[in-house]
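Below: the structure, in structure tokens.
Numbering (the numbering used here), first residue to last: -13 to 460.
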């Protein structure tokens, strides 16, 4: 696959930063760990009204060197009827001609692929339709488990193994398109009957083969508590590997039933969310710079407030997403501001542990940084203009990264000028190398040098309306 040249580059660009005496100190505490951040990703939507995601698009999003550095791809399992004589391979290729190739590219980069079904075959549902006002009949639970296992095996046999498979997209949301309703008790009973139904089908993720594809519950549209019934039952809990949820409703929820279990904690994946302007007359704004803050506040919700392990955006290629689709003033196949925005997390926080930060003193515009309305707000607001600062450490502890962003209103007004920031790393961490990547309106993913001031201290500059990511290596 030929690589696509991008603005993002590993070559240092010396930028003219003015470092005044720091008014803010941010201290990183690696001894206080939160969740493992597995990564950041995008959805490849299989519906005909969405643009085709090509291998070139996947390269653009997933190449960790010259692309955005995403590492999770979510794909659709397209429903089909059992009375149609189609092989699983024909079902897959009919939906998306690059289906296998796109998965292979993600795997080649050491990423993860999640497959999500929208509906079981209609013959197994009580409405005899793939539409989302019906339920899977209990007598077909084993058939459905075998159907999902056959999908996973087909992917493996075609050289495109997947990491995980869920049993349902949004089981708690009635829709007039493909879907299926489940209660928490029904999901519990499904797993108790079928067990880990992917046993015997090798999975693949993080650059290595696994003995089986991991299983995921139905990915809740709203509050993740729909999974309590399955997690409270020891028999079903032990065969569910990952909890999936969306943040369309019940947004700020740290799902303690999955995360904090003393003997069997589960990763919680935020597998779908999307924000667009809601009106066609406003869609052209979704690809503009001031609209990146909604996305970044959304990521901050999942990673900092909810302690979730992944963040996956609905549709990697769309006018409100990372790659343009040619609609509403976007260029098809070109990176947009939201793509550059998520790349700060993808390139600096994939496969790390989130750790604690402490913020002291005042900002350049004399705002008290101990005020959580000014930085790292404790209550979620999609339009928050509070500054954000998160820190991450690699599993071997040789790398510490920070992601900062100072949002404005969509008008470009407001926000916090953090001025010159002193970064204080742990006493036993000695900086050997440092690099930073900055994005601001009109100038995206530009690399710059970091001013190292001591064995474990450095200075950075962060005006309002900037995204800045810093990586220290010892």
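Idealized CB from N, CA, C, for every residue including glycine. Please read all numbers here as calculations on a predicted model, not as lab measurements.
Looking only at its own chain, which residues have a Cβ that is under 7 angstroms from the Cβ of residue 194, when we skip the five neighbours before and after it?
There are no such residues.
So, are the CB atoms of residue 448 and residue 407 less than 8 angstroms apart?
Cβ distance < 8 angstroms, so residue 448 and residue 407 count as in contact.
Within 8 angstroms, do at least three Cβ pairs link the stretch 228 to 240 to the stretch 180 to 195?
Cβ pair count under 8 angstroms is below three, so no.
Could you tell me whether the Cβ atoms of residue 226 and residue 215 are closer together than 8 angstroms?
Cβ atoms of residue 226 and residue 215: not closer than 8 angstroms.
Would you say residue 361 and residue 342 are within 8 angstroms of each other, going by their C-beta atoms?
The answer is no: Cβ separation not under 8 angstroms.
Give me the Cβ distance between residue 26 and residue 336, rounded to the nearest whole Å; I'm assuming they're in contact under 8 angstroms.
Sure, about 7 angstroms apart at Cβ, within 8 angstroms.
Does residue 174 come out as helix, strand or coil in the three-state DSSP assignment?
Reduced to three states, the DSSP call for residue 174 is helix.
Return the first residue and the last residue of the alpha helix (DSSP H) that residue 94 is part of.
Note, residue 94: alpha helix (DSSP H), 85 to 94.
Could you tell me which of 303, 153, 230 and 147 sits nearest to residue 65, measuring between CA atoms?
Measuring from the Cα of residue 65, the nearest candidate turns out to be 153.
Tell me the rounded alpha-carbon separation between residue 63 and residue 218.
Roughly 28 angstroms between the two C-alpha positions.
Taking only the alpha-carbon atoms, compute the straight-line gap between residue -1 and residue 411 and give it to the nearest angstrom.
Residue confidence is low: residue -1 scores 43 on pLDDT, short of 50, so the model does not pin down where it sits. Its coordinate-derived value is still stated next. Distance between the alpha carbons of residue -1 and residue 411 is about 24 angstroms.
Using the rule of at least 16 other Cβ atoms within 10 Å of the residue's Cβ for burial, across every protein chain shown, is residue 76 buried or exposed?
It counts as exposed.
With distances taken Cα to Cα, identify the nearest neighbour of residue 230 among 456, 278, 292 and 248.
Residue 292 is the option with its Cα nearest to residue 230.
Given a threshold of 16 other Cβ atoms within 10 Å of its Cβ, counted over all protein chains shown, does residue 365 qualify as buried or as exposed?
With fewer than 16 Cβ atoms within 10 Å of its Cβ, residue 365 is classed as exposed.
Go to residue 14, then tell me how far its beta strand (DSSP E) extends in each direction, as first and last residue.
Where residue 14 is concerned, the enclosing beta strand (DSSP E) stretches over 10 to 23.
Can we say the stretch 153 to 162 touches the stretch 203 to 211, given the rule of at least three CB pairs closer than 8 angstroms?
Output reads yes: the stretch 203 to 211 touches the stretch 153 to 162.
Which class does residue 347 belong to by DSSP, given the choice of helix, strand or coil?
Strand at residue 347.
If the criterion is Cβ atoms closer than 8 angstroms, does the pair residue 308 and residue 322 meet it?
Yes; because the gap between Cβ atoms is below 8 angstroms, this pair is in contact.
Can you tell me which residues form a DSSP beta bridge with residue 60?
Answer is 29 and 100, bridged to residue 60.
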